[in-house]
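In our numbering, the protein residues as written are 7 to 81. First up is the structure itself, then whatever we jot down about it.
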Amino acid sequence: MLVKVKFEKDTIGPLYKHPHTQVTSLETGTFEMTIGDKKKIIKKGDGFYVPPHAIHGVVCIKAGLLVDVFPPNTE
């Protein structure tokens with residue numbers, strides 16, 4: 007599944023988890039990304055990997071668009 011998510015500045019993608027692997031690419035914007043206990047500032051062109059069941063979320067610093075890719079659930 008491919009999902010595009012548009013965020014306005016200061017929007018919060020709250021911390022949560024799911025059983026799927028997730029790969030995300032930033033088309034535009036700047037975000038503070040949290041995966042587990044690690045935080046990182048990510049910008050246009052960056053990407054990240056979220057393992058299954060990992061707590062993760064984002065805070066939008068500069069309006070942008072994330073593209074999330076989820077492979078089929080094999081559990």
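Just so you know, even glycine gets a beta-carbon here, dropped at the ideal spot from N, CA and C. Given the structure is predicted, the values throughout are model-derived calculations rather than measurements.
Which residues DSSP lists as bridging residue i, in chain order
i	result
residue 30	54 and 74
residue 8	75
residue 41	44 and 62
residue 15	Beta-bridge pairing links residue 15 to no other residue.
residue 23	Residue 23 is not bridged to any residue.
Anticipated Cβ contact below 8 Å, residue i with residue j, distance rounded
i	j	result
residue 71	residue 33	4 Å
residue 22	residue 53	The Cβ separation is near 19 Å, so there is no contact.
Distance CB(residue i)-CB(residue j) smaller than 8 Å
i	j	result
residue 30	residue 74	yes
residue 48	residue 60	no
residue 27	residue 58	yes
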